[in-house]
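Chains G and U, in that order, are what the protein sequence lines are.
Under my numbering, think of the first position of the first sequence as -2, with each following residue one higher.
Under my numbering, think of the first position of the second sequence as -7, with each following residue one higher.
Note that the Cβ used here is the ideal one computed from N, Cα and C, for glycine as well.
Below is one structure, written out as structure tokens; comments come after it.
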Amino acid sequence: SAVISQKPSRDICQRGTSLTIQCQVDSQVTMMFWYRQQPGQSLTLIATANQGSEATYESGFVIDKFPISRPNLTFSTLTVSNMSPEDSSIYLCSASGLNTPSYNEQFFGPGTRLTVL
Amino acid sequence: KNQVEQSPQSLIILEGKNCTLQCNYTVSPFSNLRWYKQDTGRGPVSLTIMTFSENTKSNGRYTATLDADTKQSSLHITASQLSDSASYICVVSPWAGRSKLIFGTGTRLQVFP
């Protein structure tokens, strides 16, 4: 399995500001993902963070709002830009492509709880 | 449309009792089905992963079953403990080669002493 850490674990931000969330994996992984989990809801995929190229965004999510970086095989960042209260959510980093069978098992970080005032 | 539905939405049981959570999916094609446990304020942790050829898989007190013909899965928890209180999420992967997962909305389980 993989150990995935995220920073910060939580934050309270003012509307109009931006927050960058960091995700660190303790081993090299093929794929990294960013999810959003709103209160009482399941996980929604924001984008796939591609190493060395632009992230692949899901419908409803755009790069200007959620810029993503992935400079290497163990690290990624997600920025939530120009925040509004509707961005209050838990943001989760995930990774797959370790030494696992072909299930593409995904491991999740502990999440970043964001509150926008 | 690819969907994963879970029932019940929430469940309360007494410590030591057994319970079964249900998952129905309409995902096609189908590669594998996973059950995750998510404690409050934590990320999901994998309990089991089953391919279409597997009918059952156990992980300690957790036993998952899969019927690929009816597209149903269940997660049975035996002799529940207080630490089992969490959300249990059923997740389906359409392709072995793709990593995009389809998540159910989860069952919120509360175990009381």
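Among the options, nearest to residue i - alpha-carbon criterion
i	options	result
Ser65(U)	Thr32(U), Lys(-7)(U) and Gly96(U)	Gly96(U)
Gln3(G)	Thr17(G), Gln11(G) and Ile9(G)	Thr17(G)
Tyr28(U)	Ile69(U), Ser20(U), Phe22(U) and Ser45(U)	Ile69(U)
Ile81(U)	Thr62(U), Asp61(U) and Ala56(U)	Ala56(U)
Phe105(G)	Ser2(U), Arg34(U) and Leu25(U)	Arg34(U)
Ser78(G)	Gly49(G), Lys62(G), Glu51(G) and Pro68(G)	Lys62(G)
Phe44(U)	Asn(-6)(U), Asn10(U), Phe104(U) and Pro21(U)	Pro21(U)
Glu102(G)	Trp87(U), Val103(U) and Arg100(U)	Trp87(U)
Exposure of residue i, with buried meaning 16 or more beta-carbon neighbours within 10 Å
i	result
Val0(G)	exposed
Val81(G)	For the sequence presented, residue 81(G) should be read as Ser rather than Val. Label assigned to Ser81(G): exposed.
Pro122(U)	With chain U running from -7 to 105 in the structure shown, residue 122(U) is simply not present.
Cys26(G)	In the sequence under discussion, the amino acid at residue 26(G) is Val, which differs from the Cys named in the question. Under this definition Val26(G) is a buried residue.
Ser91(G)	buried
Asn69(G)	exposed
Asn24(U)	buried
Pro0(U)	exposed
Phe104(U)	exposed
Asp84(G)	buried
Gly98(U)	buried
Gln30(U)	buried
Ser85(U)	buried
Contact under 8 Å by Cβ, residue i with residue j
i	j	result
Val83(U)	Leu93(U)	yes
Pro36(G)	Thr109(G)	no
Ile9(G)	Leu114(G)	yes
Glu7(U)	Ser72(U)	yes
Ile65(G)	Thr74(G)	yes
Ser75(U)	Gln102(U)	no
Gly67(G)	Gln48(G)	The question names Gly, yet the displayed sequence has Arg at residue 67(G). Yes, these two residues count as a Cβ contact at 8 Å.
Simplified DSSP state of residue i, which is helix, strand or coil
i	result
Leu114(G)	coil
Ser99(G)	Here Ser99(G) scores only 48 on pLDDT, less than 50, and its place in the model should not be relied on; the value that follows carries that caveat. In the structure shown, Ser99(G) sits in coil (DSSP, three-state: anything other than H, G, I, E or B).
Leu74(U)	helix
Asp59(U)	strand
Asp84(G)	helix
Ile81(U)	strand
Val59(G)	coil
Ala92(G)	strand
Trp87(U)	coil
Pairwise C-alpha distance: residue j and residue i
i	j	result
Val22(G)	Glu(-3)(U)	31 Å
Thr45(G)	Gly94(G)	13 Å
Thr32(U)	Asn51(U)	21 Å
Arg2(U)	Leu39(U)	The displayed chain sequence assigns Ser, not Arg, to residue 2(U). C-alpha separation (whole angstroms): 19 Å.
Thr112(G)	Leu40(G)	17 Å
Ile41(U)	Gln34(G)	22 Å
Lys49(U)	Thr18(U)	21 Å
Cβ-based contacts, 8 Å cut-off: residues of the stretch 30 to 50 of chain U near chain A: Structure shown: chain A not included; protein chains present are G and U.
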